[in-house]
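Presented below is the structure to which this report refers.
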Amino acid sequence: MVLLLAVLALNLSPFNDIRTMTKHNLDMSPESFETHIADQVFEKIQGIVELSRQEQRFLSGLIRQVKPQRILELGVSSGGSSALILNAIRDTPEAHLYSIDLSQTYHKDRSKKCGFLVEERFPIFLDQWTLNTGKMAAECMDELGGEFDFVFIDTAHVLPGEILDFLMVLPYMKEKAFVVLHDISLSTRGIFHSRSYATTLLHCVVNEPKWLPVDYEGDFPNIGAFRIDNGKTSSYIDDLFRILTIPWGHALNHKTCQVLVKHFLKHYRKDQVELFQKIYAWQRGNNYTIRKPKTLIGKIYREITRRLFLRIDRFVTSFFRQE
Ligand SMILES: C[S@@+](CC[C@H](N)C(=O)[O-])C[C@H]1O[C@@H](n2cnc3c(N)ncnc32)[C@H](O)[C@@H]1O
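Numbers in the working numbering are just positions in the sequence shown, counted from 1, shifted up by 286.
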């Protein structure tokens with residue numbers, strides 16, 4: 287009680303310390319940097335992109351400040367965030383965006399192609415864009431060749447999700463590369479998202495310099511960045527593999543596991559890959575891991591709940607994102 291009164295008297299928010307972490311090594315907070323650049327595409331992606339306006343400014347502002355040449359994006363969906371990134375590099379012809387999505391279609395409307403928004407509304411950006419769909423990063427990285435100096439990850443959010451995505455791409459990142467993660471506090475945003483903490487775990491565990499926005503909607507920042515800093519990287523790889531022992535929000539099939547094992551064997555220690563295989567086997571036998579339904583009734587039930595969820599999500603998003 288005394289502590290609470292002291293906090294109120296001093297007008298201190300318990301989250302002040304989080305907000306002030308933002309300016310670590312950058313001249314100013316990314317979301318306030320060249321705000322007009324992100325706003326150039328706002329009208330054309332509004333309501334479809336899955337980032338709030340502040341989050342768009344954070345991502346665009348960071349790109350404008352660090353001027354990356356090779357950018358990797360995991361999780362394309364409509365192509366809203368791709369358009370935002372492409373707009374941020376349009377005056378740097380040597381910069382290129384490589385985007386990857388597991389799905390070939392837009393997850394909110396299966397009649398549309400993944401990334402449709404860029405083709406439909408921003409054909410002028412296409413020269414600086416390479417899109418790979420129907421694959422995960424482990425299946426594309428060698429083909430893309432070279433290293434990346436900026437990575438934006440916005441994929442499954444439930445485990446093993448972003449932990450595996452990051453492990454897949456980390457060996458292809460340059461020293462000092464920036465990683466931006468979206469939905470780092472999604473699990474605090476309603477009952478439907480209670481298992482969506484893969485990105486939160488990733489952002490917390492990496493032992494690197496971090497950036498968080500000063501301005502954000504909701505109780506906690508939902509976008510964040512860190513920079514791969516020389517020498518520290520290897521110290522938390524074991525932790526990332528061990529995090530995968532937390533029950534998964536979606537199961538992986540055997541073929542996916544095999545692709546990952548082959549990929550990880552190229553880049554990580556044998557004992558780390560064996561740990562991954564052991565965890566995978568454990569998750570398959572674990573009752574808490576969510577699996578794809580096998581029976582017709584199970585599939586119908588899943589489709590109905592999926593569509594219901596999408597409608598609620600659309601309503602909530604449009605309600606809270608009106609500006
Ligand atoms: C939240 S949406 C991305 C939203 C998009 N970044 C935007 O702001 O408009 C997530 C996307 O990630 C894709 N996805 C899920 N897991 C993935 C993975 N492991 N690798 C690549 N894409 C993945 C899904 O198919 C979906 O299109």
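All residues carry an ideal CB built from backbone N, CA and C; glycine is no exception.
The structure displayed is predicted, hence computed values, not measured ones.
- Between ligand 1 and the CB of Met459, the shortest heavy atom gap is not smaller than 7 Å.
- Taken atom to atom, the span from the alpha-carbon of Ser363 to that of Glu448 is near 15 Å.
- Shown here for Ser480: same chain residues with a beta carbon closer than 8 Å to its own, the five before and five after excluded, namely Ser473 in chain order.
- When the five nearest sequence neighbours on each side are left out, the beta carbons in the same chain lying within less than 8 Å of the beta carbon of Leu412 are those of Val404, Glu405, in order along the chain.
- The closest heavy atom of ligand 1 lies less than 7 Å from the beta carbon of Ser389.
- In chain order, Ala424, Met454 place their CB closer than 7 Å to the CB of His549, counting only its own chain and leaving out the 5 sequence neighbours on each side.
- By the CB criterion at 8 Å, Ile349 and Ile334 fall outside the cutoff.
- Distance check between Arg513 and each of Ile529, Cys543, Lys496 places Lys496 closest, using alpha-carbon atoms only.
- Between ligand 1 and the CB of Cys400, the shortest heavy atom gap is smaller than 7 Å.
- As the crow flies, the alpha-carbon of Arg376 is around 29 Å from that of Glu494.
- For His489, the enclosing alpha helix (DSSP H) stretches over residues 484-491.
- At least one heavy atom of ligand 1 is found less than 7 Å from the C-beta of Thr441.
- Going by DSSP, Ala463 is part of the beta strand (DSSP E) stretching over 459-468.
- Within its own chain, the residues whose Cβ lies closer than 6 Å to the Cβ of Arg407, once the five positions on either side in sequence are excluded, are Lys330, listed in chain order.
- At the C-beta level, Leu561 and Phe527 come within 8 Å of one another.
- Glu359 and Thr531 have their C-alpha atoms roughly 26 Å apart.
- Taking 3 residues as the minimum length, the beta strand (DSSP E) runs contained wholly in the segment 336-376 are 356-360, in order along the chain.
- Ala381: not part of any alpha helix (DSSP H); DSSP gives it neither H nor E.
- Here the alpha carbons of Glu461 and Thr378 stand approximately 21 Å from one another.
- Counting only runs of at least 3 residues, the segment 416-458 fully encloses the following beta strand (DSSP E) elements, listed from N- to C-terminal order: 434-439.
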